[in-house]
Amino acid sequence: MTLYFTKDHEWIRVEGETATVGITKHAAEELGELVFVEARDAGTVVKAGDSIAVVESVKAASDIYAPVDGEVLDNNPQLSDDPARVSSDPEGEGWIVKFRLSNPDQLSALMNADAYAALIA
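Counting with the UniProt record's numbering, you get residues 1 to 121 for the letters of the sequence shown.
Here it is, written out as structure tokens:
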């Protein structure tokens with residue numbers, strides 16, 4: 001299991017050909033408590049940079065972008081009843097979508113934890 005980060009404050013956890021995507025703790029703190037999450041449906045094919053979800057807080061609405069190319073396999077069903085889960089556990093139970101990687105080589109363009117920590121410092 002390998003964790004990567006984007007400059008747009010998404011994280012991606014890779015296990016084999018499956019990736020789980022969410023927003024970072026930093027992004028969750030900036031947004032505040034989320035009141036709405038809408039993610040792409042299973043079967044949706046996305047390219048890196050495509051919007052895969054929209055999150056809305058009392059402060060702002062934000063798109064969540066696909067870090068790499070893939071096909072959405074699932075979105076977190078718990079978020080429809082409890083969108084604040086993203087705020088309370090953004091890098092765990094608050095994951096947003098899972099998808100199958102189309103091009104694992106794209107992961108090399110993403111940041112590791114140290115590089116992301118330097119970005120937000």
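Each residue gets a CB set at the ideal place from its N, CA and C atoms; glycine is no exception.
Bear in mind that the values here come from a model prediction, so they are computed numbers and not experimental data.
Per DSSP, the beta bridge partners of Trp-11 are Phe-5, Gly-22. Asp-41 and Asn-76 have their C-alpha atoms some 10 Å from each other. Look at the beta carbons and you see the segment 17-31 touching the segment 40-59: at least three pairs across the two are nearer than 8 Å. Per DSSP, the unbroken alpha helix (DSSP H) holding Asp-114 starts and ends at 113-120.
For Ser-62, the uninterrupted beta strand (DSSP E) run begins and ends at 61-65, by DSSP. A direct Cα-Cα distance of roughly 32 Å separates Ala-60 from Pro-104. Leaving aside the five residues that flank Glu-38 on each side, the residues in its chain whose CB is nearer than 6 Å to its CB run, in chain order, Val-54. Under a 10 Å Cβ-count criterion, Asp-69 is classified as buried, with 16 or more other Cβ atoms of the shown protein chains found around its own Cβ.
Residues of the same chain with a CB within less than 7 Å of the CB of Pro-83, apart from the 5 flanking positions on each side, are Leu-34, Val-35, Phe-36, Val-37 in chain order. With respect to the 7 Å criterion, Tyr-65 and Asp-114 are not classified as neighbours on the basis of their beta carbons.
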